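Let me begin by presenting the structure, written as structure tokens, before commenting on it.
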Amino acid sequence: MIERRRGLTIFSHAVLWGGILTVILPVYLAFVASTHPLEDVLSAPIPVLPGDQLIENYTAVLTGSVANFGSAPVLLLLANSLVMALGISIGKIAISVISAYAIVYFRFPLRPLFFWLIFVTLMLPVEVRIIPTYEVAANLSLLNSYQGLILPLIASATATFLFRQFFLTIPDQMLEAARIDGAGPIRFFIDIVLPLSRTNIAALFVILFIYGWNQYLWPLLITTDQDMGTIVVGISNLVQVTEAEPRWPYVMATTVLALIPPVVVIVLMQRQFVRGLVEQEK
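Okay, so the sequence shown: first residue is 1 according to the UniProt record's numbering, each after it adds one.
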């Protein structure tokens, strides 16, 4: 029994380390490539140790020299992506938590129908409705704007469904006690429901922030001005430059910089994220 458990432990750790290497190795090679000149990156074999141009390459990327190679300044692209990711995550959570609260705690005609109409949209990916959404955004003059990047993506059937399921687990006695104390719907929502939902909100914020940060197709369609592009679109523009060979050290440096904000969010909110996922599973 002990030998079997030990063998299972060794196998589990081997699989875990294999997964870690699978994720870390491409990131490490991208970082290494960002510290070498273009000639070293294009030569075989590819370098596996950091080079001596880390400061030069990252300075060129951060100071705007990369704008000469088919992309807007990286700092501007990072700022656009940050605004978009925060706007989408906060907007989705705000709309979803209010919608779920109304569905669970308010009695109105056709309430189940409205919920299932929201739920059905889970079956419609963004790509299916992207053309009519773009037409609406264009008619409302939302092209090349933060509103155009954020507003069409802030509705979330998934978050509404998760909040609804969590609200259904809140005992009815809490609602009755709040009513006895004279609390109305708004006070009950602010003083009781929101504090109980903190971990769920934190978990959803991490997921939705990464979702917003990684958006590519919608920013590509909605922005024709490079200065309104996101970091993901900027990396694509650097790779697709036609006048010359892509500046791969700049591309890799930009990619490494693009990884930092999502990683920071995950590290800072790791405990709340895990706790929120566990509570949702319950």
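All residues carry an ideal CB built from backbone N, CA and C; glycine is no exception. Bear in mind the structure is a predicted one, so any value in this text is a computation, not a measurement.
Could you tell me if Phe115 is buried or exposed, where buried requires 16 or more neighbouring beta carbons within 10 angstroms of its beta carbon? Position 115 of the sequence shown, counted from the start, is the residue given in the question as residue 115. Burial call: buried.
Pick from Gly91, Leu77, Val120, Leu54 that is closest to Val232, judged by C-alpha positions: Residue mapping note: residue 232 aligns to position 232 of the sequence shown, counting from 1. Of Gly91, Leu77, Val120, Leu54, the residue nearest in Cα terms is Leu77.
Distance check for Ile24 and Pro262, CA to CA, integer angstroms please. Position 262 of the sequence shown, counting from 1, holds the residue named residue 262. Position 24 of the sequence shown, counting from 1, holds the residue named residue 24. For Pro262 and Ile24, the distance between alpha carbons rounds to 15 Å.
Minimum length 3: unbroken beta strand (DSSP E) runs contained in the segment 100-145: none
Which residues in the same chain as Gln53 place their Cβ atom closer than 8 Å to its Cβ, once the five residues preceding and following it in sequence are excluded? On the sequence shown, position 53 is the one that residue 53 refers to. Excluding residues within five positions, the ones whose Cβ falls inside 8 Å are Thr35, His36, Pro37, Pro249.
Count the CB pairs spanning the segment 159-173 and the segment 125-132 that are closer than 8 Å, and state whether there are at least three. no
Under 9 Å, do Ser81 and Thr254 count as touching if we go by C-beta distance? Working through the sequence shown from its first residue, we reach residue 81 at position 81. Working through the sequence shown from its first residue, we reach residue 254 at position 254. No.
What residue range does the alpha helix (DSSP H) around Asn237 cover? The residue you call residue 237 lines up with position 237 of the sequence shown. Counting along the chain, the alpha helix (DSSP H) containing Asn237 begins and ends at 231-239.
What does the Cβ neighbour count give for Trp218, buried or exposed, with the cut at 16 atoms within 10 Å? The residue labelled residue 218 in the question sits at position 218 within the sequence shown. Buried is the call here.
With H, G and I counted as helix, E and B as strand and the rest as coil, what does DSSP make of Gln272? Residue numbering aside, residue 272 sits at position 272 when the sequence shown is read from its first letter. Residue state, collapsed to three classes: helix.
With 16 other CB atoms within 10 Å as the buried threshold, where does Val264 fall? Taking the sequence shown and counting its residues from 1, the one referred to as residue 264 is at position 264. Counting Cβ neighbours within 10 Å, Val264 comes out exposed, since fewer than 16 surround it.
Measuring only the C-alpha atoms, how far is Gln226 from Val74? The residue labelled residue 226 in the question sits at position 226 within the sequence shown. The residue labelled residue 74 in the question sits at position 74 within the sequence shown. Those two C-alpha atoms are separated by around 11 Å.
DSSP state of Val27, grouped into three classes? As a working note, residue 27 is residue 27 in the sequence shown. Correct three-state label for Val27: helix.
Return the CA-CA distance between Phe188 and Arg198, expressed in angstroms with no decimal places. By 1-based counting over the sequence shown, the position of residue 188 is 188. By 1-based counting over the sequence shown, the position of residue 198 is 198. Those two C-alpha atoms are separated by around 15 Å.
Close Cβ partners of Phe163 (< 6 Å) along its chain, the five nearest in sequence each way excluded: Reading the sequence shown from its first residue, position 163 is the one you call residue 163. Around Phe163: Ser96, Val97, Ala100.
Under a Cβ-count criterion, where at least 16 other Cβ atoms within 10 Å of its own Cβ denotes burial, should Phe11 be classed as buried or exposed? Mapped onto the sequence shown, residue 11 falls at position 11. So Phe11 counts as exposed.
To the nearest angstrom, how far is it from the Cα of Pro125 to the Cα of Thr158? In the sequence shown, counting from the first residue as 1, residue 125 sits at position 125. In the sequence shown, counting from the first residue as 1, residue 158 sits at position 158. If you take the alpha carbons of Pro125 and Thr158, they lie about 12 Å apart.
Taking the alpha helix (DSSP H) that Phe189 falls in, what are its first and last residues? Along the sequence shown, one-based indexing puts residue 189 at 189. Here Phe189 belongs to no alpha helix (DSSP H), and DSSP marks it neither H nor E.
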